[in-house]
Structure formats: C-alpha cells, structure tokens
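Each residue of the sequence shown is one higher than the one before, starting from 70 at the first, in this note's numbering.
All C-beta atoms, glycine included, are put in the ideal place defined by N, C-alpha and C.
Quantities reported herein were computed from a predicted structural model and do not represent experimental measurements.
See structure below.
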Amino acid sequence: MKLQSGISLKPYNTFGIDVKARFFARFDSMAKLQQLLQMPEVKHLPMLILGGGSNLLFTGDFDGVVLQNNIKGIEVLREEEVYTYVKAGGGEVWHEFVQFALAQNLGGVENLSLIPGTVGAAPLQNIGAYGVELKDVFYELEAVHLPSGEIHTFDNAACSFGYRESIFKNDLKGQYIVTSVTFRLHRQHQLNTSYGAIKTTLDEMQVQEPTIQDVSAAVCHIRQSKLPDPKQIGNAGSFFKNPEIPVMQYENLKAQFPDIPSYPVTPTTVKVPAGWLIEQCGWKGKVIGNYGVHKNQALVLVNYGGASGDKIRQLALDIIQSVKDKFGIQLHPEVNIL
Ligand code: EPU
C-alpha cells in the first residue's frame, strides 16, 4: 500500500473545489484499510474519510491523510416472509444500491433514489428525501474503530439517528470508518407517496397504481428538475438543514408572513423550509462571479467553476445572517465545512 502525496481533491468532492491533500490513498477491502491504519503517517496525522465527497466543502488544503472508501459488493444475506436483508459495501455508490433493490423488487429505498454519495456515508447523516429516511430501512452497519482497529457492529438504536444526524456526527465523530451497511428491505411494498410532488408527478406520468419502480422514476424526475447535477455544476445538495422552531415563534412569524410554510414535527415544534426563508431574503438564483445560489432551489449553493471554498463559506455566512435578521431564525449548515 502506498500513499500518494500532494494530489488535488477536485475530482473527489462534488463542489469541485480545487484543494490538495498532503496524503491520499484508496482502500477496497477491510484488510487494506487495516494495513493503511498501521502506517505512521495515517496514525499520526489528521484523517479524512471520503465517500462520494458529496457533503463537504473544502476551504483549504487538507494537511493530513485522505482515505477513500472503495469497498464494493452487494449481497442478499437472507430472505424472510416480510423482509429481505441486503448487505452493501461502504464504497458502493448509493444510487447503484437503490437500483439493485429495484431490480430485485425490494421496497423501501425508492424515495431515496439519486441521492449523491456512497452507502458508507449514508448513515452518518441519515440521508433522507420525500418522506423517507435511511433509518427506516437500516438494519445494522459494520465499522472499523480507528483507535483500536477493531470491527464493531451498530444496530439501528446504537446509531442514534435523527434528522440528518447520527452518533457518528456527534459523540463518535471521527472515530469510525463504516465498511458495510445491512438494510432491511420490504418484500411487500409500502409506498410513501404522501410527499406532494410525488403524487403530482405520478399523475403527470399517468400512473394509476404505482410500483416502487414508478415512485423511483418520479423521484428521479423531481430531483433532476430541481437539483443541479454535480457533474455539471459543483454543489453538495442542501447546504443547510431545515430549522425546527417552536410553534409559538411560528405563529408570530405567520402573522407577519402569512405564506410561511411549515411541517409539524412535535406538538410544540414545526420545521420551516430553509429554502423558503433564503428565497424570501432575495438569494435565490443569485450569481456572484463563479458561485452563487441555485436558481431552482435556494437551499443549494453552487460552484460554477473555479470558486474557492472560502468564498462559498462566506456566502453561507451572509445567508445565515440575513435569515437571522429577517426572521429571527438561526440556520445551520448540513454540509461539513473543512
Ligand atoms: N422552498 C422555497 N424556495 C426554494 C426551495 C424550497 O420556497 O427555493 C419551499 C417550498 O415551500 C417547498 C418547500 O420549501 O414546497 C420544500 O422544498 P423541497 O421539496 O425542495 O424540499 P426541502 O425541504 O427544500 C428537503 C431536503 C432535501 C430533499 C427534499 C425532498 C433538507 C435539508 N433537505 O429539502 O435533501 O431532497 O427535502 O425530500 O432536509 C439534501 O439533503 O442534500 C437534500 C437535497
């Protein structure tokens, strides 16, 4: 195993930020990862584990070791009456795993079609879209504990999943590398088409009795029409989380801004779409030289080519400030800023 030095990370982050890593290596098996973890550079320098690099903003060179998880393989572990258990390598591309499930006619991940990134990165932020989250189909994961090199298994409860959250972003941050994830997929499908845009899209597609494949096609259609393709325009999906606020605060804002949308979360809190708040502050579609705010979805910051991560971080800070000034709501980035 050899470490490459001084390589550009531009191909490894969907924002397309051109920064360098002091050292870089790729591993395609648990054994190779364990070998890497024994190397002095890897032991002593800061480490960054990359999946698809789709939830990252680099603001400078990475003065440490970047390891890219390339562990592949998808296998059906067992079939039961209601569920089929499928294990996927952490380096599998997420959408390829979704396509595997669809081809096997296994339900549960169709709403998560076309989310950028890898299987191994998916649990870290409990990826979610169109009314479904990873935690709804997650069974367990295997991860290498960096300090000891041991392999540990985490079940659903042990991951402490929340909205774009898990234990791996909090108490155990930086301590594990997820090498595989096992999913519990449905043999009998339970479609979740309650998210408004899915129903409308299925109607437009003239589908009366949708299958999981139809729902996936609808989700792909919605995503492709709203979200920029990172292969064409650098971006990391939603840059901010949708903020959760007390109902009282929401009622006060509604008196001032009657159109403010909301989704109930608990009896005393609601979620407000950050995209709406940002749009109301006039940011949607704003172009500042070679970066800006996407024209179809104000929650997505974009790099039109050659922008620095610092500039994009400053734009994020300006957006946070203006939303705070206008609505008194604090936005928090969803993307990891490094
Ligand atoms: N909206 C606006 N203007 C905008 C964008 C959104 O007014 O520019 C309002 C509209 O009222 C719209 C509502 O926000 O009805 C919801 O918008 P959308 O359906 O696009 O969803 P979102 O809340 O903005 C979240 C996720 C997305 C996920 C979609 C669909 C977060 C941070 N983002 O966005 O996830 O695809 O729902 O489920 O929760 C991601 O995490 O990278 C991501 C793309």
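Unbroken beta strand (DSSP E) stretches of 3 residues or longer found wholly inside the region 121 to 154: 131 to 138, 143 to 148, given in chain order. Residue 344 has its CB nearer than 7 Å to a heavy atom of the ligand EPU. By DSSP's assignment, residue 209 forms a beta bridge with 224, 251. Around the Cβ of residue 390, a 10 Å sphere holds fewer than 16 other Cβ atoms; the residue is exposed.
The ligand EPU never approaches residue 297 closely enough for any of its heavy atoms to be under 7 Å from the residue's Cβ. In this structure, the ligand EPU has no non-hydrogen atom nearer than 7 Å to the beta-carbon of residue 193. Buried is the label assigned to residue 179, since at least 16 other Cβ atoms lie within 10 Å of its Cβ. Within the chosen limit of 7 Å, the ligand EPU reaches the beta carbon of residue 368 through at least one heavy atom. Taking the C-beta atoms as reference points, residue 157 is found nearer than 8 Å to residue 166. Around the beta carbon of residue 155, a 10 Å sphere encloses 16 or more other beta carbons of the protein chains shown; the residue is thus reported as buried. Remark: C-beta atoms of residue 114 and residue 84 do not approach each other more closely than 8 Å. Taken in chain order, the complete beta strand (DSSP E) segments of 3 residues or longer contained in the region 309 to 352 are 313 to 315, 332 to 335, 338 to 340. According to the DSSP secondary-structure assignment, residue 202 is paired through a beta bridge with 197. DSSP, reduced to helix, strand and coil, places residue 77 within a strand of the structure shown. In the structure shown, residue 363 adopts coil according to DSSP, grouped into three states. Annotation: residue 162 to residue 121 spans about 8 Å, alpha carbon to alpha carbon. Take residue 150, set aside five residues on each side of it, and the residues of its chain with a beta-carbon closer than 8 Å to its own are 256, in chain order. Within 10 angstroms of the beta-carbon of residue 272 lie fewer than 16 other beta-carbons, which makes it exposed. Sequence-distant partners of residue 128 (beyond 5 residues in either direction) whose C-beta falls short of 7 Å from its own C-beta, in its chain, are 378, 379, 382, 406, 407. Residue 84 carries a coil assignment under DSSP once its states are collapsed to helix, strand and coil. Under the three-state reduction of DSSP, residue 98 is assigned to coil, being neither helix nor strand. Exclusion of residue 238 from the 7 Å shell around the ligand EPU follows from its C-beta lying no nearer than that to any non-hydrogen atom of the ligand. Contact check for residue 104 against residue 92 fails: the beta carbons are separated by 8 Å or more.
Annotation for residue 396: 322, 346 place their beta carbon closer than 7 Å to its own, counting only its chain and skipping 5 residues before and after. Taken from the Cβ of residue 310, at least one heavy atom of the ligand EPU lies inside 7 Å. According to DSSP, residue pairing for residue 261 in a beta bridge does not occur.
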